[in-house]
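Numbering (my numbering), first residue to last: 11 to 313. A virtual CB, placed ideally from N, CA and C, is assigned to each residue, including glycine. Shown next, in structure tokens, is the structure this report addresses.
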Amino acid sequence: MAESEILTFTAEDADEGKRLDLLVSEKCGITRSAASKLIAEGSVTVCGKKAKKSSTASAGCVIETVMPEPEPLDALPENIPVDIVYEDDDLLVVNKPKGMVVHPAAGNYSKTLVNALLYHCSGRLSSINGVIRPGIVHRIDKNTSGLLVVAKTDAAHTGLAAQIKAHSFTREYRAVVCGRFRDTEGTVDAPIGRSMNDRKKMCVTDKNSRNAVTHYSVIEQYEKYSYLKLRLETGRTHQIRVHMAYIGHPVLGDDVYGKPFGGLQGQCLHAGKIGFIHPITGEYLEFVSELPDYFNDVLKKIK
């Protein structure tokens with residue numbers, strides 16, 4: 011049986027009188043019909059008491075929702091072109107385009123990087139992360155472009171994951187962010203956890219969080235924007251996007267933690283360099299991805 015996740019939030023003044031199924035739908039990132047089903051099943055409580063389908067929200071009430079994890083689906087191979095930067099018998103390095111999801115999930119069960127790699131590697135990917143995320147050692151967001159390493163064997167996966175945990179795995183990004191900086195370099199050391207009010211978002215918080223450290227330096231500044239190089243010491247979900255928004259410099263085009271920009275689809279963020287010790291041969295490998303066209307177009311627009 012799949013494990014459940016418990017989401018807790020407090021109704022705000024603006025939520026007063028709102029139908030509970032609508033509020034749960036908004037806060038938990040699910041459809042209204044799915045929220046109604048959870049309420050009917052007794053999976054939603056208001057101030058410790060099971061909610062009724064006819065319930066409405068009162069400001070200050072604590073609402074708890076038990077969210078069942080979706081049953082995993084087998085990822086299937088698909089003949090999708092993929093930019094392979096490096097490959098051997100144990101691993102491969104991929105240059106992911108902006109707009110491609112890394113692995114199947116709700117709303118994206120096909121046309122992902124995993125689907126493409128299953129076809130390219132004839133199914134030979136590490137099994138440590140299960141059938142839905144084979145080979146995936148670390149991820150980058152759908153609208154983040156750039157490099158990531160994928161494990162073909164469990165031994166390679168284990169070795170790469172250990173380097174990430176020990177912070178010896180190099181991950182360097184380029185980003186355009188809003189605003190200008192007084193200091194040309196700095197570090198954001200702030201824990202990140204899932205937002206209590208919106209499960210689709212992460213935030214800087216002391217509750218149910220993990221330490222997160224991002225180092226940044228300014229490459230160039232413009233009238234309203236800055237072009238940065240960033241290095242991850244840790245690798246939390248949405249880390250750069252959350253940290254930049256936290257210090258008042260959201261990544262340009264980030265429609266979750268900032269605001270849209272022109273015709274740009276999502277954030278202007280590129281994983282430009284990765285480096286690691288090959289888990290089998292012991293050789294240090296480093297790879298660089300040039301800025302993609304969309305990123306260069308943004309730089310031209312803001313100069």
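Between the alpha carbons of Lys108 and Ser155 lies a gap of roughly 4 Å.
Proximity of the region 159-174 to the region 95-106 meets the contact definition, three or more beta-carbon pairs being nearer than 8 Å.
Within the same chain, Leu123, Arg149 come within 6 Å of Val112 by CB-CB distance, once the 5 residues on both sides are set aside. In terms of Cβ geometry, Pro87 and Asn125 form a close pair [threshold 9 Å]. The beta-bridge partner set that DSSP reports for Val72 consists of Thr20. In the DSSP assignment, the residues bridged to Cys213 are Gly203. The three-state reading of DSSP puts Val252 in helix, counting H, G and I together. Cβ contact annotation for Phe297 (same chain, cutoff 8 Å, sequence separation greater than five): Val95, Tyr96, Val103, Leu157, Lys283, Ile284, Gly285, in chain order.
Separation of Val187 and Cys131 (C-alpha to C-alpha, rounded to the nearest whole angstrom) is 37 Å. Secondary structure in the region 241-295: the beta strand (DSSP E) runs of 3 residues or longer, each lying completely within the stretch, are 279-287 in chain order. Within the region 108-189, the alpha helix (DSSP H) runs of at least 4 residues that lie entirely inside it are, in chain order, 123-130, 164-175.
Sequence-distant Cβ neighbours of Ala50 in its own chain, meaning closer than 8 Å and more than five residues away, are Lys63. Ranking Asp199, Ile290, Cys38 by CA distance to the CA of Ala171 puts Ile290 first. For Ile40, the secondary structure class from DSSP, reduced to helix, strand or coil, is coil. For Ser236, the secondary structure class from DSSP, reduced to helix, strand or coil, is strand.
Gln277 counts as buried, since no fewer than 16 other beta carbons sit within 10 angstroms of its beta carbon.
In the three-state scheme derived from DSSP, where H, G and I count as helix and E and B as strand, Leu101 is classed as strand.
In the structure shown, Phe305 falls within a helical segment according to DSSP collapsed to helix, strand and coil. Secondary structure of Asp193 (DSSP, three-state): coil.
Segment contact: the region 202-214 against the region 291-310, fewer than three CB-CB distances shorter than 8 Å; contact not assigned.
With contacts defined as CB atoms closer than 9 Å, Asn139 and Gly145 qualify as a contacting pair.
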